[in-house]
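K.L.:
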Amino acid sequence: MQVDSASMAAAVGRLILALIAGVATGAVLVAGFIYSSLGDALVFKGLFLVALFYGAAIAVVCVPVWLGLARVGWDRAPAAAALGFVATGIFVLLTTAAGSHERLDLLAYSVLPFAVCGALAALVTWWVGTK
């Protein structure tokens, strides 16, 4: 059976749109959380840009893991949320330990808000990818 190039292009386009939507959602949630926690000392636009880069890095790791999960049939919303939660939590823990961040108390207090943002971003990615 030959794959139609139009359907392949549509599938790739849907995948790219899903990844963009998920990364943007996660970036807005994380930037909003940090901005609401620290207030006027930070610029929201800069937080959003940094969060976009973090989200893209997390997506680069999650895509191959997701393809493996899909291969074994674990390609539903709970699996997407769990992958986003765990991947974001691990990423934040590793980058916090490796870097010297000012106001580390925000990150040291709990990785949980960031991991929840990652889970929500993964759900958006899954939802857009399945439509």
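Note that the sequence shown covers residues 0 to 130 in numbering that gives the first Met the number 0.
In this text, a Cβ means the ideal position worked out from N, Cα and C, and glycines have one as well.
Expressed to the nearest angstrom, what Euclidean distance is found between the alpha-carbon atoms of Ser-6 and Gly-31?
P.N.:
Rounded to whole angstroms, Ser-6 to Gly-31 spans 37 Å at the Cα level.
K.L.:
With a CB to CB cut of under 6 Å and the five nearest residues on each side skipped, what residues in its chain are close to Gly-21?
P.N.:
Taken in chain order, the residues that qualify are Ala-120, Val-123 and Thr-124.
K.L.:
Between the C-alpha atoms of Val-42 and Val-64, what's the straight-line distance to the nearest angstrom?
P.N.:
About 33 Å.
K.L.:
For my contact list, Val-127 and Ala-17 are in at a C-beta cut-off of 8 Å; report their separation, rounded to the angstrom.
P.N.:
Indeed they touch by this definition, with Cβ atoms about 4 Å apart.
K.L.:
Give the list of continuous alpha helix (DSSP H) stretches no shorter than 4 residues that lie fully inside the segment 43–98.
P.N.:
Runs of the alpha helix (DSSP H) inside the segment 43–98: 43–70 and 76–97.
K.L.:
Specify, as a first and last residue, the run of the alpha helix (DSSP H) that Val-29 falls within.
P.N.:
Per DSSP, Val-29 belongs to the alpha helix (DSSP H) from 4–37.
K.L.:
What would DSSP say about Val-127, mapped onto helix, strand or coil?
P.N.:
Helix.
K.L.:
For Ala-107, count the other beta carbons within 10 Å of its own beta carbon; 16 or more makes it buried, fewer makes it exposed. Which is it?
P.N.:
With a pLDDT of only 49 at Ala-107, under the threshold of 50, the placement of this residue in the model should not be trusted; the figure read from the coordinates follows. By the 10 Å Cβ count, Ala-107 comes out exposed.
K.L.:
So is Thr-87 buried or exposed if we call it buried at 16+ other beta carbons inside 10 Å?
P.N.:
Thr-87 is buried by the Cβ-count criterion.
K.L.:
Would you tell me roughly how many angstroms separate the C-alpha atoms of Thr-129 and Trp-73, rounded to the nearest one?
P.N.:
Their backbone Cα atoms lie some 14 Å apart in a straight line.
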